[in-house]
Ligand code: PHE
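In this note's numbering, the protein residues as written are 0 to 346.
Dropping the structure here:
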């Protein structure tokens, strides 16, 4: 028995040293003082001892029990002291809050401005067919942008409306709305578009556009200009100027590209030659969107009488708008998940 008591004491010493928190100690209390503990085992041997030995071992085991209890309690009170050091009133670390991506914020801003003018917001599919993406939009069958190298065609069965593809602009939304609705209407359609462009500071294989269009009996170019002026002044600044340059799109006639006066140097507006601006490269103007009067062929392709109705359309890149508004120099920053960059736009 003497030998067993010694072993028990040694084991307990080691276990107590190893214990690192209050729950370890509680486990030790069960191990060393519980009903199945070595100590209980020793106590159970007492009845088989001689009267003399019973006296000695009864006393010894009680002393041992006391010793175990004291060691365990002492170690536990050491931990309790430490736990008391935790200040429960100390303010917690701030919870990191997520926020909308800058592209979503800008997209929402743009939609809000047009919604204020009465435009309805709709979304078209990202997987389109050739007919909606090109044919109905008056792209000639040999137009280079229909080429397999200029468009992401999908490896799906060819349907009645041609091959399926990832839309390269939001203009097919015009077709989907015009096929289903009777004019007048004014619609804004945001979403992702895809082009197999080499990725660099200003190009990406995927970006976002907002398409806007309105059809009615007398919708005209002056309305288009008025709407775009209103938009640019709300979105950029109240003193921004616009410039319309003649351009070509198959689906609008006449067509124009629109520039805003450089929001950094303002030269386009002031016509003053100051130092060469790095944003507009000294030109004073920044290209922001394409627009025009909807081509009669497009209206007819959708079953709208082009003698009775006319309309205007415009399309702009959201990333480009965000880059100009916030002075971002590289489009790749928007999709690199760099929290430091994105946090700046928790607006
Ligand atoms: N779809 C054209 C583009 O992606 C933009 C545009 C839309 C131009 C509507 C005119 C009218 O470049």
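Each residue gets a CB set at the ideal place from its N, CA and C atoms; glycine is no exception. The structure presented is a predicted model; accordingly, all values stated were derived computationally and were not measured.
Relative to residue 218, the option among 247, 140, 185 whose CA is nearest is 185.
In the three-state DSSP reduction, residue 171 falls in the helix class (H, G or I). Ranked by how close their Cα comes to the Cα of residue 182, the residues 74, 134, 325, 308 have 308 in first place. The stretch 234 to 244 makes no contact with the stretch 116 to 132: fewer than 3 CB pairs, one atom from each, lie closer than 8 Å. By the CB criterion at 7 Å, residue 151 and residue 249 fall outside the cutoff. Uninterrupted alpha helix (DSSP H) stretches at least 4 residues long and entirely within the stretch 281 to 319 occur at 295 to 300, given in chain order. Classified as buried, residue 105 has 16 or more neighbouring CB atoms from the shown chains inside 10 Å of its CB. Residue pairing by DSSP places residue 192 opposite 206 in a beta bridge. Counting along the chain, residue 121 sits inside no beta strand (DSSP E), nor does DSSP assign it H or E at all. When rounded, the separation of the alpha-carbon atoms in residue 246 and residue 220 is 14 Å. The C-beta distance from residue 110 to residue 189 rounds to 6 Å, short enough to meet the 8 Å contact threshold. In this structure, DSSP gives residue 100 a state outside helix and strand, which the three-state scheme calls coil. Rounded to whole angstroms, the separation of the alpha carbons of residue 227 and residue 128 is 30 Å.
If the five residues before and after residue 74 are omitted, its C-beta is found closer than 7 Å to the C-beta atoms of 15, 18, 24, all from its own chain and listed in chain order.
About 20 Å separates the Cβ atoms of residue 112 and residue 214, ruling out a contact at the 8 Å cut-off. Per DSSP, residue 37 is not a residue of any beta strand (DSSP E); the alpha helix (DSSP H) it occupies stretches across 37 to 44. Burial check for residue 166: the Cβ neighbour count within 10 Å reaches 16 or more, so the residue is buried.
Apart from sequence neighbours up to five positions away, the residues of its chain that approach residue 78 with a beta-carbon distance below 8 Å are 20, 21, 24, ordered along the chain.
Under the DSSP definition of a beta bridge, residue 152 partners with 164.
Residue range 126 to 128 is occupied by the beta strand (DSSP E) that includes residue 128. Excluding its 5 nearest sequence neighbours in each direction, residue 131 has C-beta neighbours in its own chain below 6 Å: 171, 174, listed in chain order.
Annotation: residue 261 to residue 278 spans about 8 Å, alpha carbon to alpha carbon. Our two residues, residue 136 and residue 255, have alpha carbons roughly 16 Å apart in a direct line. Within 6 Å of the C-beta of residue 89 there is not a single heavy atom belonging to the ligand PHE. Within a 10 Å sphere around the beta-carbon of residue 34 sit fewer than 16 other beta-carbons, which makes this residue exposed. Looking at the DSSP output, residue 187 shares a beta bridge with 120, 211. Relative to residue 134, the option among 107, 298, 5 whose CA is nearest is 298. Distances between the C-beta of residue 201 and the heavy atoms of the ligand PHE are all 6 Å or more. Between the alpha carbons of residue 205 and residue 89 lies a distance of about 47 Å. For residue 227, the enclosing alpha helix (DSSP H) stretches over residues 220 to 234. In the DSSP assignment, residue 26 falls within the unbroken alpha helix (DSSP H) covering 21 to 32.
With a cut-off of 6 Å, the C-beta of residue 340 is classified as distant from the ligand PHE, since no heavy atom of the ligand falls inside that distance. Per DSSP, reduced to three states, the secondary structure at residue 255 is strand.
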